[in-house]
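S.K.: Residue numbers (my numbering): -12 to 78.
Glycine residues also receive a C-beta, built at the ideal position from the N, C-alpha and C atoms.
Take this structure first; my questions come after.
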Amino acid sequence: MKKLTIKGLATIVFVLGLVLATATNSYSQCAMCRATVESNVGTGKAESDTAVGSGLNTGILYLMAIPYILIGTVGFLWYKSNKKNKNGGTN
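Encoded structure:
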């Protein structure tokens, strides 16, 4: 296994810092979901209304994350396969 160099470690730390520095809360909804929530539960001012809206937002975030997880997994497996082929089947 190749040793992690100072340059590689600095790059990882920089990218991680950049991601953490620019992270924001994602509570967006599509237009249809927003209209449904507003018509069924009001504007979200009461506690019970907030729970419904929060649950809907969480569901949207889960649905958004699945394609990224699948593409990331396929990309990682593809990378490992290509790396194994370049090293002559070792590893």
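1. Taking the continuous alpha helix (DSSP H) assigned at Ala(-3), which residues delimit it?
2. Specify the secondary structure class of Asn74 as computed by DSSP and reduced to three states.
3. Work out the CA separation of Thr9 and Val0 for me, nearest whole Å.
M.R.: Taking the definition as stated:
1. Ile(-7) to Thr9
2. coil
3. 14 Å
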